[in-house]
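The opening residue of the sequence shown carries number -16 in the numbering used here; numbering runs sequentially from there.
All C-beta atoms, glycine included, are put in the ideal place defined by N, C-alpha and C.
Contents: one structure, followed by commentary.
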Amino acid sequence: MLNGGTHTTSATIEWAVTETIRHPRILEKAQQELEAVVGLHRRVEESDLEKLPYLQCIVKETLRRHPPAPLLVPHMSTQACKVGGYDVPKGTTVFVNAYAIGMDQSYWENPLEFLPERFAGTAVDVRGQDFELLPFGSGRRSCPAMTMGLKTAQLAVSSLFHAFDWSAEIPRAVKDLTTDEGFCSPLWPETPLLKAVATPKLSKDAY
């Protein structure tokens, strides 16, 4: 559980940083929220997370756009059934395509865009209660490391955005940065991401 949670969480963090480097306005908006809630003289704590709705929207959008486990875990049909017009025999191994759900235009407007604001003011959750967003699965077969992974990702992303300004080592490389995923799980980028430059932004006593 720890191994699976570590790899998928690190992929989520990498994608969140990558997307905010591609979209500086998102990083700026997140940092404004962090500075208003946390300030510049201490680090982000877990108790701060519930006061950071935009940061939570960024993590949700990252999990929608780049789900770390695109096919979730395999299931098996306990009886013959029909799904979407297809006959599914008893004992069939079934995968839920979380990636396709997150890209479905019937649920998400402009699904290829990275837009955290789509979650603002909504009750859409990532814990399996809303079937249009299932990065951790749902029900008894949902990811056992869901709580740990989600909290870790939220705390890590908020800490990185709060403590540092982020930019590309070669600014012109941002426009060429691809967000294509590789064929693996967790869902890492197809090609290595650009080198990022982290510039400290807090007071010295906060580090």
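Take residue i and list the residues in its own chain whose beta-carbon comes closer than 6 Å to its own, dropping the five residues that flank it on each side.
i, result
"D(-5)", "Note on residue identity: the sequence assigns Thr, not Asp, to residue -5. Closer than 6 Å at Cβ, skipping near neighbours: T45, P51 and A136."
"E115", "Y90"
"D113", "V107"
"A63", "P72 and K73"
"S150", "V180"
"E2", "F97"
"G67", "none"
Here's a check: name, in chain order, each residue in its chain whose Cβ is nearer than 8 Å to the Cβ of residue i, leaving out the five neighbours to either side.
i, result
"E152", "L177, K178, A179 and V180"
"K134", "E29 and L32"
"L54", "F78, V79, N80, A81, Y82 and S168"
"P99", "I9, Y37, C40, I41, K43 and E44"
"G57", "A small correction: the amino acid at residue 57 is Pro; Gly does not occupy that position in the sequence shown. Result list for P57: T76, V77 and F78, in chain order."
"D188", "H24"
"S60", "V71, P72, K73, G74, T75 and V77"
"D87", "P94 and E115"
Please report the residue range of the alpha helix (DSSP H) in which residue i lies.
i, result
"Y37", "P36 to R48"
"T196", "Absent from the model: residue 196. The displayed extent of the chain is -16 to 190, so no value can be given."
"R8", "P7 to V20"
Since residue i sits in a beta bridge, which residues does DSSP pair it with?
i, result
"C64", "V71"
"S89", "None; S89 has no bridge partner."
"T182", "D148"
"T76", "M59"
Pop quiz: residue i and residue j are said to be a contact at Cβ under 8 Å. What is the actual Cβ separation, rounded to whole angstroms?
i, j, result
"R26", "S186", "Actually they are not in contact, since the Cβ atoms of R26 and S186 sit about 11 Å apart, beyond 8 Å."
"K34", "V20", "5 Å"
"P183", "A146", "7 Å"
"F144", "Q14", "6 Å"
"G85", "R47", "4 Å"
Only counting the same chain, and skipping five residues up and downstream in sequence, which positions put a Cβ closer than 7 Å to that of residue i?
i, result
"G111", "L117, F119, G120, S121, G122 and S125"
"V(-9)", "Before going on, a small fix: residue -9 reads as Thr here, not Val. Closer than 7 Å at Cβ, skipping near neighbours: P51, A52, G132 and P169."
"F102", "C40, K43 and E44"
"A(-1)", "I41, V42, T45 and V140"
Is it the case that the segment 71 to 78 contacts the segment 114 to 131, given that we only count it when at least three CB pairs across the two stretches are under 8 Å?
no
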